[in-house]
Amino acid sequence: MILLLAMTVGPAIFLIYSSLHNIQMFGGESRFVGLRNFQELLTDAGFHHSLLVTLAFVAIAVAIELVIGVALAMALAPKTRANGVAATLLLLPFAVTPVVSAMVFKQLIDPNYGWVNYYLSKVGLLPQNLDWLANPSTAWIALVALDVWQWTPFVALIILAGRQTLPQECYEAASVDGSGPWQTFRYITLPMLTPFLAIAVVLRSIQAFKTFDSFQVLTGGGPGDSTEIINLGIYRTALQSFQIGAASAVGLVFLLILSALVPLLLRVVGRNAEPEKG
Amino acid sequence: MTTHSNFSGLPRYAGRSLLWLALLLAMVPIVFLVITSLKPEGVTRTVPPTWLFDPTIENYSSVLSTGAGSSVTFGRLLFNSAAVSIGAVILTIAVAVPAAYALTLKEFRRSKGVSSWILSTYMFPPIVAVIPLFIIAGNIGAIDTYPVLIIPYAAFNLPIAIWILRSSLESIPIEVQEAALVDGANRRQIVWHILTPLLMPAVATAGIISLILSWNEFLLALSLTRAAAKTSPVGVQEFTGLYGTQWGNLTAASCMIAAPIVVCVLVLRRRVVSGLAFGAVK
Chain D
1 MILLLAMTVG
11 PAIFLIYSSL
21 HNIQMFGGES
31 RFVGLRNFQE
41 LLTDAGFHHS
51 LLVTLAFVAI
61 AVAIELVIGV
71 ALAMALAPKT
81 RANGVAATLL
91 LLPFAVTPVV
101 SAMVFKQLID
111 PNYGWVNYYL
121 SKVGLLPQNL
131 DWLANPSTAW
141 IALVALDVWQ
151 WTPFVALIIL
161 AGRQTLPQEC
171 YEAASVDGSG
181 PWQTFRYITL
191 PMLTPFLAIA
201 VVLRSIQAFK
211 TFDSFQVLTG
221 GGPGDSTEII
231 NLGIYRTALQ
241 SFQIGAASAV
251 GLVFLLILSA
261 LVPLLLRVVG
271 RNAEPEKG
Chain L
279 MTTHSNFSGL
289 PRYAGRSLLW
299 LALLLAMVPI
309 VFLVITSLKP
319 EGVTRTVPPT
329 WLFDPTIENY
339 SSVLSTGAGS
349 SVTFGRLLFN
359 SAAVSIGAVI
369 LTIAVAVPAA
379 YALTLKEFRR
389 SKGVSSWILS
399 TYMFPPIVAV
409 IPLFIIAGNI
419 GAIDTYPVLI
429 IPYAAFNLPI
439 AIWILRSSLE
449 SIPIEVQEAA
459 LVDGANRRQI
469 VWHILTPLLM
479 PAVATAGIIS
489 LILSWNEFLL
499 ALSLTRAAAK
509 TSPVGVQEFT
519 GLYGTQWGNL
529 TAASCMIAAP
539 IVVCVLVLRR
549 RVVSGLAFGA
559 VK
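Protein sequence lines, in the order shown, are assigned to chains D and L. Using the working numbering, you'd call the opening residue of the first sequence number 1 and step up by one each time. Using the working numbering, you'd call the opening residue of the second sequence number 279 and step up by one each time.
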């Protein structure tokens, strides 16, 4: 616990200190600049942009993962052997090291040699030489697709675990009352799954805010700065241009924004993880 | 058994086909990875893609025998990854077990607040810690050593590990401990002979989660290592530039990085999913 304290509070104090100073890594002493780092940050168009794209990325990726995840979990709910095999296969993307999957995606969508371009252009869905990562909108499609590929299984398996705890009686009652499949799903399955949906959404959102690997490997923030999410921005400001003060300010603001998610996390995980209620 | 069918007839078959189609699509990147790693260099990047070839393990042996392009060999990268991950797992467990036990004690009046606080540290984005870590490590000359990765990894794994262990400890009925007390056991004996054996499955879950998270970690390893302690995800990422078109080597290396974790996850799938969800789903 002391370790944890040291690891979280220590850096936070350091961040506050350095965000108030104008620290350059090489040459030049640090001096107190007050809130100027924050002032520059809050009026900086680049920061607004990366904040916006980060939020958009998290919202879109998590929404898609949730929809596909629920659909997969519903399809996999009956305990048959085929479903067991399917659930195991489903785990594979989730198990692959994120950096490796990002590199595999990069090769798959390579404009000259990639499988995706070759086969999709064969059936006429794509122009042969589409360079996914050269255009902001297609680069975003690639990044979201990678995140969805990697993390939908996690969402699906949480919801599947939830689905299998639901009592059978409700479904029998519903079918006696003449409820159709959609009605059953809408009025019985979905409301009872709410706690599990909440767990999936909150955990996934937190993880998505921390995404770094795929952006670094796939686009490096490009083309231009179109896919520069906050994580990447902090990394580049701090460790490539060595403007520690400015980067600390971004980090601190990011931390404050993320703190808004803490109560949600506590509510969702804190309550459901109590063994007697879980 | 939940074998009732929500959907019947045509929509049901359409749904099943869609499911298998989705799974098939999901397998494409993995198939690509494995197949390319087994292709002889020369047919790895042909257009159209080559499907018929003599499988070879030359990519694997060449990656392992030659350097990985940098000053460090790929075997060394794998060794570093293993050393750092195992170190982090040991440190995580060593800290998490006493911490989780403390949180379940009655004397720990404020333990509710402390537990919540521990959970909330899961929010802490690693990128925010990188800057101070980088500077502190630089000042004490710890950049590119094992501890500079092991300690932060353990710290970032702790929220999940403590939470998993705490839920497991709380699910052990208090009567078990009371029975031991009646039989004349003291607290130390209770901890050693009663709680420890019952806690082992949760320790295994927490350990495997820490192992996966540490092995796959990229950001801290990228920022805090240069050569001697560089881990394999960072090393393999550098293949792209250095190896140019040698996709065989790159994919062989990727397979070797991903394989241990894939095996772990497949073998222990329920544990992994429930662990990553903080034990909130069983």
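Idealized CB from N, CA, C, for every residue including glycine. Small disclaimer: the values here were computed from a predicted structure and weren't measured.
Min CB distance residue i to chain L below 8 Å
i, result
"D:Ala59", "no"
"D:Met103", "yes"
"D:Phe47", "no"
"D:Ala73", "no"
"D:Ser121", "no"
"D:Asn22", "With a pLDDT of 44 at D:Asn22, under the threshold of 50, the modelled position of that residue is not reliable, and the figure given next carries that caveat. It does not; no Cβ of chain L falls within 8 Å."
"D:Val53", "no"
Inter-residue Cα distance where the pair is residue i and residue j
i, j, result
"L:Glu448", "L:Trp441", "11 Å"
"L:Thr281", "D:Ile199", "Note that L:Thr281 has pLDDT 43, beneath the 50 cutoff, so the model's placement of it is unreliable and no number is given."
"L:Leu491", "L:Trp395", "21 Å"
"D:Ala208", "D:Ser50", "14 Å"
"L:Leu554", "L:Leu356", "24 Å"
"L:Asn562", "L:Leu528", "Outside the modelled stretch of chain L, which goes from 279 to 560, sits residue 562 of chain L, for which no answer is possible."
"L:Ala536", "D:Thr88", "16 Å"
"D:Thr189", "D:Thr138", "36 Å"
"L:Phe402", "D:Ser205", "13 Å"
"L:Ala346", "L:Pro451", "Note on L:Ala346: pLDDT 46, under 50, position unreliable in the model; the coordinate value appears next. If I take the Cα positions, the gap works out to 53 Å."
"D:Ile257", "D:Val116", "37 Å"
"D:Leu133", "D:Thr219", "7 Å"
"D:Ser259", "L:Ile438", "18 Å"
"D:Gly340", "D:Thr227", "Residue 340 of chain D is absent from the structure shown; chain D starts at 1 and stops at 278."
"L:Leu570", "D:Leu72", "Not covered by the structure: residue 570 of chain L. The range shown for chain L is 279 to 560."
"L:Lys508", "L:Ala530", "19 Å"
"L:Thr334", "D:Leu76", "37 Å"
"L:Ala378", "D:Val100", "34 Å"
"L:Ser363", "D:Gly178", "55 Å"
"D:Arg267", "D:Pro195", "10 Å"
"D:Gly162", "D:Leu66", "14 Å"
"L:Asn464", "D:Gln150", "49 Å"
Given residue i as reference, the closest of the options once Cα atoms are compared
i, options, result
"D:Phe47", "D:Leu266, D:Gly233, D:Gln243 and D:Ile257", "D:Gly233"
"L:Pro404", "L:Ser339, L:Ser552, L:Pro425 and L:Leu500", "L:Leu500"
"L:Ala407", "D:Pro263, D:Trp182, D:Ala247 and D:Leu264", "D:Ala247"
"L:Gly365", "L:Ala506, L:Ala420, L:Val543 and L:Ile428", "L:Ile428"
"L:Val469", "L:Leu489, L:Val375 and L:Tyr424", "L:Val375"
"D:Leu255", "L:Tyr400, L:Ser339, L:Arg354 and L:Val362", "L:Tyr400"
"L:Asn494", "L:Phe434, L:Gly526, L:Leu381 and L:Leu303", "L:Phe434"
"L:Leu489", "L:Ala300, L:Pro333, L:Lys317 and L:Val367", "L:Val367"
"L:Leu381", "L:Gln467, L:Leu443 and L:Ala415", "L:Leu443"
"D:Leu325", "L:Gly416, L:Ala457, L:Ala432 and L:Leu302", "The first residue shown for chain D is 1 and the last is 278, placing residue 325 of chain D beyond what the model contains."
"D:Ser175", "D:Thr194, D:Phe57 and D:Tyr187", "D:Tyr187"
"L:Leu436", "L:Ala463, L:Ile486 and L:Met478", "L:Ile486"
8 Å Cβ cutoff, residue i in contact with chain D
i, result
"L:Ile364", "no"
"L:Leu554", "yes"
"L:Ser398", "yes"
"L:Asn527", "no"
"L:Ala530", "no"
"L:Arg549", "no"
"L:Leu383", "no"
"L:Leu301", "yes"
"L:Ser315", "no"
"L:Phe310", "yes"
"L:Leu476", "no"
"L:Leu427", "no"
"L:Asn435", "no"
Residue i at chain C interface by Cβ criterion, 8 Å
i, result
"L:Ser295", "Among the chains of the structure shown, chain C does not appear; the protein chains present are D and L."
Residue i vs residue j beta-carbon contact at 8 Å
i, j, result
"L:Leu397", "D:Leu265", "yes"
"D:Gly69", "D:Thr184", "no"
"D:Leu203", "D:Ile159", "no"
"L:Ser359", "L:Ser510", "yes"
"D:Asp147", "D:Ala61", "yes"
"D:Leu108", "D:Phe215", "no"
"L:Gly353", "L:Leu369", "no"
"L:Leu502", "L:Leu411", "yes"
"L:Ala506", "L:Asp422", "yes"
"L:Ile576", "L:Ala482", "What is shown of chain L runs 279 to 560, which leaves residue 576 of chain L out entirely."
"L:Pro307", "D:Phe212", "no"
"D:Ser97", "D:Ile230", "Here the sequence assigns Thr to residue 97 of chain D, which means Ser is not the residue at that position. No, these two residues do not count as a Cβ contact at 8 Å."
When Cβ atoms are compared, which residues of the stretch 243-254 of chain D fall closer than 7 Å to chain L? Of all residues in the stretch 243-254 of chain D, only Ile244, Ala247, Ser248, Gly251 and Phe254 come within less than 7 Å of chain L when Cβ atoms are compared, listed by chain position.
Listed from N- to C-terminal order along the chain, which residues in the stretch 186-206 of chain D have their beta-carbon within a distance smaller than 9 Å of any beta-carbon of chain L? Within the stretch 186-206 of chain D, the qualifying residues are Thr189, Pro195, Phe196, Ile199, Ala200, Leu203 and Ile206.
The stretch 213-240 of chain D: positions lying closer than 7 Å to chain L by Cβ: Under the 7 Å Cβ criterion, the stretch 213-240 of chain D contributes Asp213, Val217, Asn231, Ile234, Tyr235, Ala238 and Leu239.
Taking only beta carbons into account, state which residues of the stretch 126-151 of chain D come closer than 7 Å to chain L, listed in chain order. The residues in question are Trp149.
Closer than 9 Å, Cβ to any Cβ of chain D: which residues of the stretch 464-494 of chain L, in chain order? Answer in chain order: Ile490, Trp493 and Asn494.
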